[in-house]
Amino acid sequence: MKTYRKELWFDIPSRIGFVNITSRVEECLRESGVREGLALANAMHITASVFINDDERGLHRDLEVWLEKLAPHDPVSQYRHNDGEENADAHLKRSVMGREVVVAITGGRLDFGPWEQIFYGEFDGGRKKRVLVKIIGE
Amino acid sequence: MKTYRKELWFDIPSRIGFVNITSRVEECLRESGVREGLALANAMHITASVFINDDERGLHRDLEVWLEKLAPHDPVSQYRHNDGEENADAHLKRSVMGREVVVAITGGRLDFGPWEQIFYGEFDGGRKKRVLVKIIGE
Amino acid sequence: MKTYRKELWFDIPSRIGFVNITSRVEECLRESGVREGLALANAMHITASVFINDDERGLHRDLEVWLEKLAPHDPVSQYRHNDGEENADAHLKRSVMGREVVVAITGGRLDFGPWEQIFYGEFDGGRKKRVLVKIIGE
Numbered sequence: 000m001k002t003y004r005k006e007l008w009f010d011i012p013s014r015i016g017f018v019n020i021t022s023r024v025e026e027c028l029r030e031s032g033v034r035e036g037l038a039l040a041n042a043m044h045i046t047a048s049v050f051i052n053d054d055e056r057g058l059h060r061d062l063e064v065w066l067e068k069l070a071p072h073d074p075v076s077q078y079r080h081n082d083g084e085e086n087a088d089a090h091l092k093r094s095v096m097g098r099e100v101v102v103a104i105t106g107g108r109l110d111f112g113p114w115e116q117i118f119y120g121e122f123d124g125g126r127k128k129r130v131l132v133k134i135i136g137e
Numbered sequence: 000m001k002t003y004r005k006e007l008w009f010d011i012p013s014r015i016g017f018v019n020i021t022s023r024v025e026e027c028l029r030e031s032g033v034r035e036g037l038a039l040a041n042a043m044h045i046t047a048s049v050f051i052n053d054d055e056r057g058l059h060r061d062l063e064v065w066l067e068k069l070a071p072h073d074p075v076s077q078y079r080h081n082d083g084e085e086n087a088d089a090h091l092k093r094s095v096m097g098r099e100v101v102v103a104i105t106g107g108r109l110d111f112g113p114w115e116q117i118f119y120g121e122f123d124g125g126r127k128k129r130v131l132v133k134i135i136g137e
Numbered sequence: 000m001k002t003y004r005k006e007l008w009f010d011i012p013s014r015i016g017f018v019n020i021t022s023r024v025e026e027c028l029r030e031s032g033v034r035e036g037l038a039l040a041n042a043m044h045i046t047a048s049v050f051i052n053d054d055e056r057g058l059h060r061d062l063e064v065w066l067e068k069l070a071p072h073d074p075v076s077q078y079r080h081n082d083g084e085e086n087a088d089a090h091l092k093r094s095v096m097g098r099e100v101v102v103a104i105t106g107g108r109l110d111f112g113p114w115e116q117i118f119y120g121e122f123d124g125g126r127k128k129r130v131l132v133k134i135i136g137e
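Protein chains in written order, with numbering that gives the first Met the number 0: chain A, 0 to 137; chain B, 0 to 137; chain C, 0 to 137.
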């Protein structure tokens with residue numbers, strides 16, 4: 000069994016942002032040499048997500064508006080976690096969008112449907128954060 | 000290490016629908032010959048989900064009503080993604096329900112609790128879509 | 000390939016509760032002898048979750064309040080599943096928080112960011128339930 004590990008770094012200036020990381024995960028896969036197996040990509044921080052959806056700007060704006068409605072940032076005083084912090088909403092938004100994706104590897108490629116793209120989702124930006132890519136297989 | 004791959008096809012006539020795919024994933028597992036490992040089942044489309052919950056008709060109706068409340072289809076004009084499309088809400092509903100499940104394989108069986116069943120969740124039906132089943136192990 | 004399986008048992012007296020199970024999963028990892036691979040931890044019950052977030056009491060209270068707002072328990076008559084049951088909301092809350100986590104194993108350790116902790120999330124307490132830990136790797 001082969002295994003591979005890499006950290007991808009992000010520093011999103013805005014509070015919320017989405018970055019397509021598909022090509023970076025594909026690069027990891029090439030470096031791993033794995034042809035058949037599973038790739039895990041997860042946020043290493045609890046106010047961020049890795050998720051799979053469409054790379055369409057309008058949809059990303061819809062996601063941002065929708066998440067703000069489900070788990071509003073303001074007023075920050077509504078959350079007990081915000082005692083010295085102001086990011087409780089980011090923990091909730093990440094709970095909706097999920098921490099991780101697991102992707103099948105077939106024939107040395109990410110085994111995706113036609114529109115699947117992997118995103119890093121930031122919900123409390125302004126500092127450096129990481130995504131872990133772990134690949135196992137043969 | 001053994002690996003196995005299969006696509007399951009669906010064509011749900013209604014906009015929203017849930018299909019129990021447990022027996023089809025079990026059939027994949029038998030075909031794979033894997034006794035110990037992991038099975039991944041994921042929607043290959045970004046307006047659909049694979050999730051695990053109860054096979055109970057009332058609950059499925061509750062899920063549908065609840066998802067419509069969290070991410071309404073109408074009015075379609077509320078979403079920026081709906082520029083020529085009308086399925087932004089399906090992308091959001093799928094974000095709540097998730098893309099994939101990872102299931103333990105033990106002794107050649109899906110290692111489930113008493114009520115766990117795997118479902119395909121459709122949120123923008125009326126066309127053919129796929130679920131990917133990938134199994135790795137020994 | 001090595002594989003390992005263990006069930007962790009819980010009996011949460013309140014309807015909703017969160018239990019940090021990180022050290023118990025770490026103990027499983029030590030017992031497994033796996034140095035490189037993947038660990039799956041999933042609720043075996045469909046009204047409970049396994050998720051990763053911060054071990055902070057204020058945040059857990061925020062999560063509980065927020066989930067109650069997204070998927071209220073009362074009135075129980077609003078749900079069709081509640082025909083003899085009263086836990087439809089628990090199925091919905093678990094859908095938001097997710098069933099499972101997959102964690103990378105590197106150098107014999109859970110490969111975590113600085114604040115990542117694994118939680119059992121109970122949404123319909125008052126009876127015994129299980130989490131499955133499955134580890135594969137070398």
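In this text, a Cβ means the ideal position worked out from N, Cα and C, and glycines have one as well.
Counting only runs of 3 or more residues that sit fully inside the segment 14-82 of chain C, the beta strand (DSSP E) segments are 16-19, 36-42 and 47-52, in chain order.
With a beta-carbon spacing of about 6 Å, Tyr119(C) and Val49(C) fall inside the 8 Å limit used to define contacts. Gly83(C) is outside the set of residues whose beta carbon lies under 9 Å from a beta carbon in chain A. In the three-state reduction of the DSSP assignment, Asp10(A) falls in the strand class, which pools E and B. In the DSSP assignment, Lys92(C) is bridged to no other residue. For the segment 45-57 of chain B, residues whose beta-carbon sits nearer than 9 Å to a beta-carbon of chain C comprise Phe50, Ile51, Asn52, Asp53, Glu55, Arg56 and Gly57. Note that the C-beta distance between Lys92(A) and Leu66(A) is below 9 Å.
A residue is called buried once 16 or more other Cβ atoms fall within 10 Å of its Cβ, and Ser94(B) is buried on that count. Burial is judged here by how many other beta carbons sit within 10 angstroms of a residue's own beta carbon; Ser13(C) has fewer than 16 and is exposed.
If you draw a straight line from the Cα of Thr21(A) to the Cα of Val102(A), it comes to about 11 Å. Straight-line spacing of the CA atoms in Glu55(B) and His80(C) works out to 7 Å. Within the same chain, Cβ atoms closer than 6 Å to the Cβ of Ile11(A) are found at Glu121 and Gly124, the five residues on either side in sequence being excluded. Along the segment 85-136 of chain A, the alpha helix (DSSP H) occurs as fully enclosed runs of 4 or more residues at 87-96, listed in sequence order. For Leu131(C), the closest Cβ of chain B is nearer than 9 Å. Residues of the segment 73-100 of chain C whose Cβ lies closer than 7 Å to any Cβ of chain B, in chain order: Tyr78, Arg79, His80, Asp82, Ala87, His90, Leu91, Ser94, Val95, Gly97, Arg98 and Glu99.
At a C-beta separation below 7 Å, Ala70(B) has these neighbours in chain A: Trp65. Of all residues in the segment 109-131 of chain B, the ones placed with a Cβ closer than 9 Å to any Cβ belonging to chain C are Asp110, Phe111, Gly112, Pro113, Trp114, Glu115 and Gln116, in chain order. A straight-line Cα-Cα distance of about 26 Å links Val24(B) and Ala87(C).
Burial is judged here by how many other beta carbons sit within 10 angstroms of a residue's own beta carbon; Lys127(A) has fewer than 16 and is exposed.
Cβ neighbours of Val33(C) within its own chain (closer than 6 Å, five residues either side excluded): Lys1, Ile104, Ile134 and Gly136.
Glu85(A) has its alpha-carbon roughly 9 Å from the corresponding atom of Pro74(A).
When Cβ-Cβ separations below 9 Å define contact, Ala42(B) makes contact with chain A.
Put simply, the backbone Cα of Gly112(C) is about 21 Å away from that of Leu62(C).
For His44(C), the closest of Glu115(C), Gln116(C), Gly97(C) and Ile117(C) by C-alpha to C-alpha distance is Gly97(C). Non-local C-beta neighbours of Phe17(C) in its own chain, meaning closer than 6 Å and more than five positions away in sequence, comprise His59, Phe118 and Gly120, ordered along the chain. Just so you know, the alpha carbons of Glu35(A) and Glu35(C) end up roughly 17 Å apart. One alpha carbon belongs to Ala42(A), the other to Ala38(C), and they sit about 16 Å apart. With respect to the 9 Å criterion, Arg29(B) and Gly106(B) are not classified as neighbours on the basis of their beta carbons.
Within chain A, no residue has its beta carbon less than 7 Å from that of Thr105(B); the closest one is some 17 Å off. Excluding sequence positions up to five before and after Glu115(C), its CB lies within less than 6 Å of the CB of Ile51, all in the same chain and listed in chain order. Asp82(A) and Ile15(B) have their C-alpha atoms roughly 41 Å apart.
Taking a C-beta distance under 9 Å as the contact criterion, Lys5(A) and Val100(A) do not qualify as a contact pair.
With a contact defined as Cβ atoms closer than 8 Å, Leu69(C) and Leu69(B) qualify at about 7 Å. Excluding the 5 residues flanking it on each side, Cys27(A) has same chain C-beta neighbours closer than 6 Å at Lys5 and Val132, in chain order.
With fewer than 16 neighbouring CB atoms inside 10 Å of its own CB, Ser76(B) falls in the exposed class. Distance between His72(C) and Gly57(B), taken at the CA atoms: about 16 Å.
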